[in-house]
Amino acid sequence: MSNGESPAEPLEGIRVLELGSFIAGPSTSRILGEFGAEVIKIERPRVGDEIRRWRTRDSTSSLLWQFLARNKKSVTVDLRQPEGRRIALGIARECDVLVENFRPGTLERWGLSPEELREQNPDLVVVRISGYGQSGPYRDRPGFGGVAEALGGVRYLTGHPELPPTRVGVALADSLAGLYGVIGALMGLLKRGAVPSPARGETVDVALYEAVFAITETLVTEFEAYGTLRERTGSSMPGIAPSNTYPCKGDNWVVIGGNADGPFHRLMLAIGREDLADDVSIATNEGRVVRAEEIDDAIAAWTSQHEIAEVVDTLAEAGCPAGPIYSAADILADPHFRARQMLVNQKAQLDADTQAEISFPGVVPKLTESPGHVRRPGPGLGEDTEQVLHDLLGLEISQIDDLRSQGVI
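Taking the working numbering, the leading residue of the sequence shown gets 204, the next gets one more, and so forth.
Following this line, the structure appears as structure tokens:
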């Protein structure tokens, strides 16, 4: 901007109330906060979100917490008490979006159902994340991410055929549900602005297992149509060749995706297999699938003779997709992550006596004109209680002190 001011962030002026805990709900509000929304997180007094104590050292705040709670304000309110619920309702009255990931029926028992919330705030968008959704025969079952990954079909496909199914190494279901929560919240906000109605607020129902099932492509469709039951295939992709993981010198591994016709031809030339490059019987995927093992052996014979950097550079020059399998140490050392601001320095409490600027994941997606930002680290428990209750609800310090003495906040 010509006057030197920073551009407005996409969600500037939007206020979000987070009643969630753990990963899924907080992931939704984290992303909204990264793009300018004011996020107010309600936590239990003296206890807070249990994520605060995950993977901690010396009883300090979890680094996972400091990531999930960045840009948020922490307000302690006991929602089990009537006065606490009245406070939450008062805050919700001043918000545009409410995010929760309690078990279905919890908000209703507390008198904070979407219908009751909208009696005070007709435009409120309510994002509800749960294990199995707000309806259906499983709605009342407790649901966690790992269970959702199993039910949603991903665990069955993950791992090697001779071994039990395994997890993917991250909280996949929770993160996916968080993304769908963001999508639903944004669509609710768009609808609110486009539909002239006395009550324009939308309710967004995200189920963890459905967020997982949504990424399984045509897994069920192929089974119903052809009886094809996809099984665990390790590092290869069934029905697509070549796309696999191959060994390099020094016990390193590279992923190569030469399964499109053009890249396959260039890949074969790059590894010195002109005979396979010119073989018309494998010029398309149908033929390559039949001879997938032969092709994989040819690629592995070449990659195993070279260092991984040479393999990646050679194939990049040839126009064939390939990349190393990175550890956390490799990511920190890679200049592309820094160039893309995917590693951002954030002040963190490492242990009881040490604070430091360390790398946290950057903001996704990248917006050219109004990129997201990390404005503050995850707050201390209840750090913003007084400010929020005073500014939004008009409570005086004496009233706030009374609530604190009663254990409400």
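Every residue gets a Cβ at the ideal spot worked out from N, C-alpha and C, and that includes glycine. A quick note: this is a predicted structure, and the numbers were derived from the prediction, not measured.
Going by Cα to Cα distance, which pick from 417, 435 and 390 is closest to residue 365?
Ranking the options by Cα distance to residue 365, first place goes to 435.
Mind checking if residue 467 is an interface residue toward chain B, Cβ cutoff 8 Å exclusive?
Chain labels in this structure do not include chain B; a single protein chain is all it has.
If distances are taken between C-alpha atoms only, which option among 327, 308 and 313 comes closest to residue 345?
It is 308.
Unbroken alpha helix (DSSP H) runs of length 4 or more, entirely within the region 370-419: which are they?
Correct list: 375-397 and 411-416.
For residue 462, which residues from the same chain have a beta carbon less than 8 Å from its beta carbon, with the 5 sequence-adjacent residues on both sides left out?
Hits under 8 Å: 440, 443, 444, 445, 446, 488 and 491.
Under 8 Å Cβ to Cβ from residue 543, same chain only, skipping five residues before and after it: list those, please.
Excluding positions up to five away in sequence, the list reads 565 and 569.
Say whether the region 539-554 touches the region 254-272, bearing in mind that this needs 3 or more beta-carbon pairs closer than 8 Å, one atom from each stretch.
Counting Cβ pairs under 8 Å, three or more are found: they touch.
Put residue 686 into one of helix, strand or coil per three-state DSSP.
The structure shown does not extend to residue 686, since the chain is modelled only from 204 through 612, so no value can be given for it.
Within the continuous beta strand (DSSP E) that includes residue 553, where are the two ends?
Run containing residue 553: 546-554, per the beta strand (DSSP E) assignment.
Where residue 575 and residue 239 are concerned, what is the direct C-alpha to C-alpha distance, given to the nearest angstrom?
Each residue's alpha carbon lies about 7 Å from the other.
Going by Cα to Cα distance, which pick from 246, 211 and 456 is closest to residue 581?
That would be 246, whose Cα lies nearest to the Cα of residue 581.
Check whether the region 283-296 and the region 265-274 touch, using three or more Cβ-Cβ pairs below 8 Å as the test.
No: fewer than three Cβ pairs fall under 8 Å.
Report yes if the C-beta distance between residue 363 and residue 437 is below 8 Å; otherwise report no.
The answer is yes: Cβ separation under 8 Å.
How close, in whole Å, do the beta carbons of residue 517 and residue 473 come, if the pair is a contact with beta carbons under 8 Å?
That pair is a contact at about 6 Å.
Under DSSP, the beta strand (DSSP E) around residue 456 begins and ends at which residues?
Element bounds for residue 456: 455-460.
In its own chain, which residues sit with a C-beta less than 8 Å from the C-beta of residue 381, not counting the 5 before and 5 after it?
Only 226, 227, 228, 229, 230, 231, 233, 234 and 332 meet the Cβ criterion.
Using only alpha-carbon positions, find the residue among 519, 563 and 347 that is nearest to residue 540.
Among 519, 563 and 347, the Cα nearest to that of residue 540 is on 563.
Specify the secondary structure class of residue 301 as computed by DSSP and reduced to three states.
DSSP places residue 301 in strand when its eight states are reduced to three.
In whole angstroms, give me the CA-to-CA distance for residue 249 and residue 586.
Their backbone Cα atoms lie some 12 Å apart in a straight line.
Using the rule of at least 16 other Cβ atoms within 10 Å of the residue's Cβ for burial, across every protein chain shown, is residue 456 buried or exposed?
The residue is exposed, with fewer than 16 neighbouring Cβ atoms inside 10 Å.
By Cβ distance below 6 Å, which residues in the same chain neighbour residue 469 in space, the five residues on each side in sequence not counted?
The answer, listed in chain order, is 521, 522 and 523.
Considering only C-alpha positions, which residue in the set 475, 483 and 298 is nearest to residue 243?
Looking at the Cα atoms, 298 is the closest of the given residues.
Leaving aside the five residues before and after residue 268 along the sequence, list all residues of the same chain whose C-beta is less than 6 Å from its C-beta, in chain order.
254, 255 and 581.
Leaving aside the five residues before and after residue 573 along the sequence, list all residues of the same chain whose C-beta is less than 7 Å from its C-beta, in chain order.
The residues are 210, 211, 212 and 213.
From what residue to what residue does the beta strand (DSSP E) around residue 330 run?
Note, residue 330: beta strand (DSSP E), 328-333.
How should residue 548 be labelled, buried or exposed, when 16 other C-beta atoms within 10 angstroms of its C-beta is the threshold for buried?
Its Cβ having fewer than 16 others within 10 Å, residue 548 is exposed.
To the nearest angstrom, report how far apart residue 466 and residue 510 are at their CA atoms.
Distance between the alpha carbons of residue 466 and residue 510: 21 Å.
Whole angstroms are fine: how far does the CA of residue 386 sit from the CA of residue 319?
If I take the Cα positions, the gap works out to 24 Å.
Mind checking residue 343: buried by the 16 CB within 10 Å criterion, or exposed?
It counts as exposed.
Using DSSP with H/G/I as helix, E/B as strand and the rest coil, what is residue 606?
Helix, per DSSP.
Cutting at 6 Å between CB atoms, please list the residues of its own chain near residue 357, excluding the five before and the five after it.
Answer for residue 357: 415, listed in chain order.
Mind checking which residues open and close the beta strand (DSSP E) that includes residue 359?
Counting along the chain, residue 359 falls outside any beta strand (DSSP E), though it belongs to the alpha helix (DSSP H) covering 357-360.
When you compare only the Cα positions, how much space is there between residue 513 and residue 577?
If I take the Cα positions, the gap works out to 36 Å.
Please name the residue in 224, 251 and 215 whose C-alpha comes closest to that of residue 237.
The residue with the shortest Cα to Cα distance from residue 237 is 215.
Return the residue from the list 411, 412, 410 and 394 that minimises the CA-CA distance to residue 404.
Nearest C-alpha to residue 404: 394.
Quick check: the Cα distance between residue 591 and residue 417, rounded to an integer number of angstroms?
Roughly 38 Å separates the two Cα atoms.
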